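Asks:
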Amino acid sequence: MLTGQPSGKELLSLIDRNLVASSRVMTARMIVGGARGSRTIEFNAWTEGDKRSFSEYTSPAREKGTKMLKLEDKLWIFSPSTDRIIQITGQMLRQSVMGSDLSYEDMMNNGDLASHYNAKITGSDTLQGRKCWVLRLDAITDNDAYQLRLVKVDQERLIPLSEELYAKSGKLLKRIVLSDVKQIQGRWYPMKMVYRDMLKNGDGTQFIITTLKLDEKMPENIFSKASLK
Amino acid sequence: MIRFIIKGLLRDKHRSRLPLIVVSFGVMLTVLLYTWITGFLGDSVNLNAKLSTGHVKVITKAYKENMDQLPIDLSITGSKSLLEELRKDYPHVEWVDRIEFGGLLDLPDSTGETRSQGPFTGFGVDLRGASGESERLNLNKILVEGKLPSTGGEILVSSLFAKKLGIKINDKVTFIGTTMYGEMSIFNFRVSGTIKYGSVALDKGSVIMDISDARKSLDMEDACNEILGYTDKEYYDDEKATILMRSFMNRYKDTGDRFAPVMLRLRDQNDLGSLIDYMTNVMGFICFVFILIMSIVLWNTGLVGGLRRYGEMGLRLAIGEEKGHVYRTLIAESAFIGFTGSLIGVTVGMVISWMVEKHGLDFSGVLQNATMLMPGVFRTRITTESWFIGFIPGLVATVLGTILSGIGIYRRQTARLFKELQ
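Sequence order for the protein chains is L and U. Per the numbering used here, the first sequence starts with residue 8, numbered consecutively. Per the numbering used here, the second sequence starts with residue 325, numbered consecutively.
1. Closer than 8 Å, CB to CB, is residue 36/L near chain U or not?
2. Hey, residue 381/U and residue 587/U: beta-carbon distance below 8 Å or not?
3. Taking the straight line between their C-alpha atoms, what separation do you get for residue 131/L and residue 161/L?
4. Note down, in chain order, all residues in the segment 392 to 415 of chain U with a beta-carbon under 7 Å from any beta-carbon belonging to chain L.
5. Can you give me the Cβ contacts of residue 108/L inside the same chain, cut-off strictly under 8 Å, excluding the 5 residues immediately before and after it?
6. Between residue 580/U and residue 537/U, which are expected to be in contact by the criterion C-beta below 8 Å, what is the C-beta distance as a whole number of angstroms?
7. Helix, strand or coil: which one does DSSP assign to residue 494/U?
8. Compute the Euclidean distance between the alpha carbons of residue 583/U and residue 550/U, then round it to the nearest angstrom.
9. Find out if the Cβ-Cβ distance for the pair residue 194/L, residue 168/L is shorter than 8 Å.
10. Residue 74/L by DSSP, collapsed to three states: which one?
11. Can you list, in chain order, the residues of the segment 470 to 492 of chain U whose Cβ is nearer than 8 Å to any Cβ on chain L?
12. For residue 349/U, tell me which candidate among 676/U, 704/U, 336/U, 727/U has the shortest Cα-Cα distance.
13. Flag this pair as touching only if the segment 439 to 454 of chain U and the segment 477 to 497 of chain U have three or more C-beta atom pairs under 8 Å; answer yes or no.
14. In the DSSP assignment, find the beta strand (DSSP E) that holds residue 196/L and state where it starts and stops.
15. Under the three-state reduction of DSSP, which class applies to residue 213/L: helix, strand or coil?
16. Does the beta carbon of residue 190/L come closer than 8 Å to any beta carbon on chain U?
17. Are at least three pairs of beta-carbons, each pair with one atom in the segment 598 to 610 of chain U and one in the segment 362 to 370 of chain U, less than 8 Å apart?
18. Assuming contact is defined by CB atoms lying nearer than 8 Å, are residue 19/L and residue 173/L in contact in what I supplied?
19. Could you pull out every residue in the same chain whose Cβ sits closer than 6 Å to the Cβ of residue 185/L, ignoring the five residues on either side in sequence?
20. Could you list the residues in the segment 192 to 221 of chain L with a C-beta less than 7 Å from some C-beta on chain U, going in chain order?
21. Within its chain, find whatever has a CB closer than 6 Å to the CB of residue 352/U; leave out the 5 residues flanking it on each side and keep chain order.
22. Closer than 8 Å, CB to CB, is residue 544/U near chain L or not?
23. Quick check on residue 499/U: buried or exposed, where buried means 16 or more other Cβ atoms within 10 Å of its Cβ?
24. Measure the C-alpha to C-alpha separation of residue 129/L and residue 156/L and round it to an integer number of angstroms.
25. I need the DSSP call for residue 105/L, collapsed to helix, strand or coil.
26. Are three or more beta carbon pairs between the segment 521 to 535 of chain U and the segment 398 to 406 of chain U nearer than 8 Å?
27. Residues of the segment 491 to 520 of chain U with a CB closer than 7 Å to any CB of chain L: list them in chain order, please.
28. Would residue 554/U and residue 378/U be called neighbours here (beta carbons separated by less than 8 Å)?
29. Which partner residues of residue 169/L appear in the DSSP bridge assignment?
30. Closest by CA to residue 504/U, which one among 42/L, 11/L, 33/L, 15/L?
31. Does any residue of chain U bring its CB to less than 8 Å from the CB of residue 39/L?
32. Shortest alpha-carbon distance to residue 177/L belongs to which of 76/L, 96/L, 140/L, 145/L?
33. Let me check understanding here. Comparing Cα to Cα, which of 153/L, 111/L, 163/L lies closest to residue 133/L?
34. Please work out which residues of its chain come closer than 6 Å, Cβ to Cβ, to residue 619/U, disregarding the five sequence neighbours upstream and downstream, and give them in chain order.
So this is what it looks like as structure tokens:
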């Protein structure tokens, strides 16, 4: 725990130190609340830095075998039913993944915040019974989907417990609540995140990490198109 | 007497030429404006009705709240029984189920990877049944290339969209979208033909497929997001639609269920109500302004003519012609001018309108970014009213102008007339 109040920049670096890993292997499930009930999607994901990511869906039956590969700002989806590799680029990356409240960008994101945002601590608050700093993050460039993030950061464990993501216009796009914080390989990490797309009427999407390994060696050739089929 | 007046008008061109030109021109403009507005309004309403709104539309209450986002997760379930019920309860209305949805269309290259892709609005319609949807959507007429889908897995792509993506007939394309339950949906289709609606908003990115294919792709077995009703083959009748909607709402009372069916009229959708009201008001305003302006112009013309014929009037009064008779002959003259001018105006206006109705004026170039469903080629429409809309105001304005300007005749004093004539 920090003894005094850090600067915004320092706090952001400390958050990144917790959340950003050189690589990440996880098994997770998404519970998507919809107008006609909820459904659960399960997948395995391998991520290296913020440029390379691969995921394979294991459940439900309709999604089983669907694979996604992200290289830089390009994303390919393999659909076993059509035997096609489809590329998703540009604005399409901001579309919902499988009807959830997460966009492809949200899903694949493992980048550090410090290189994308200018940070400023604007106050303090209490959330989930824990003391938090309120951090305002303003995007450095226009390229980021979220131009403003208002984050409540656990003062002790130095991880966000809630985030509000805004568009350039000032419109609130998403609200995220992070919980079930566990220590993984010496880092604090939130194992449950509830995403709420504020432009949708749904009940939000729970993103639950079942297993997580950080700084793992990645399997050979996993980040290639050959691994999609 | 009438022959005498007509002869006078024909021989003295100064008396008839200017009013005749003014009346003819004004009437022609009115006819053109009327047929133009009627054509534009009619085409826009028809295009919307056939493709999207129907004359009435049945959706769920929840769907209505976010209708512009095409939320297929809020669709009608058990649509087959609801459709049967509607057909039984309102047999004079043609009912059809449709699925309107959004998605991505992806064209692969020779290795099966993405060559090009783009977002589209899709229409799942009953192409292979007996509902007459192909005829309603004029698919045979708007088919640019290829053929209509005859088996499952075939789709029609709008021509501009096909051109943009480089799609050719028989190409295999992949649909990427979301099912009714929010799952990812990826399906392959074969392009059987390309179509051109003549509406830029649609031609830029739309796809038509049989409703059974849409159901399969979107996991919407026994579901649809819209049931459209057509009270008449061609034209939207607001009164009929309103009666139908009231009857439906009485029958399907609000139970608080967010998936309960509700009915919308055409005018309740796509801002068409404002368009219809606006155009109707514009028509009334045009007629009012026309009569007002023409009356002022013709009054003024009558005054100028009156001044020019000051001596003639004086002489006629001096030799004993009654003021009322002089006034009446002037009105008879104006009635003849009004009639002839209106006839010329209507004839010229109708000929131009007929040509524009037949050939149309292509505005698709300036409507590249149009989001509203409107035709790219604007056409006039000649209706029974078109023959009267300019003719009657033309005649009335001319006579009214003369009535106003001729009042001066009654102000002439017989005692002073001889002095004036000397």
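Every residue, glycine too, gets a C-beta built ideally from N, C-alpha and C. Quick caveat: nothing in here was measured; it's all calculated off a predicted structure.
Replies: To lay it out plainly:
1. At a cut-off of 8 Å, the C-beta of residue 36/L has no neighbouring C-beta in chain U.
2. yes
3. 10 Å
4. 397, 398
5. 39, 181, 202, 203, 204, 207, 209, 211, 212
6. About 35 Å separates the two Cβ atoms, so there is no contact after all.
7. In the three-state scheme derived from DSSP, where H, G and I count as helix and E and B as strand, residue 494/U is classed as coil.
8. A straight line joining the alpha-carbon of residue 583/U with that of residue 550/U spans about 12 Å.
9. no
10. strand
11. Answer in chain order: no residues at all.
12. 676/U
13. yes
14. Boundaries of the beta strand (DSSP E) around residue 196/L: 194 to 204.
15. strand
16. no
17. yes
18. no
19. Within its own chain, the residues whose Cβ lies closer than 6 Å to the Cβ of residue 185/L, once the five positions on either side in sequence are excluded, are 167, 168, 197, 200, listed in chain order.
20. 208
21. 669, 672, 673
22. no
23. By the neighbour-count criterion, in which a residue is buried when 16 or more other Cβ atoms sit within 10 angstroms of its Cβ, residue 499/U is buried.
24. Approximately 12 Å, taken between the alpha carbons.
25. Looking at residue 105/L - three-state DSSP - the assignment turns out to be coil, as it is neither helix nor strand.
26. no
27. 498, 500, 502, 505, 506, 507, 508, 510, 511, 512
28. Yes, Cβ-Cβ distance for residue 554/U and residue 378/U is below 8 Å.
29. According to DSSP, residue 169/L bridges with 159/L, 184/L.
30. 42/L
31. yes
32. 145/L
33. 163/L
34. 721, 724, 725
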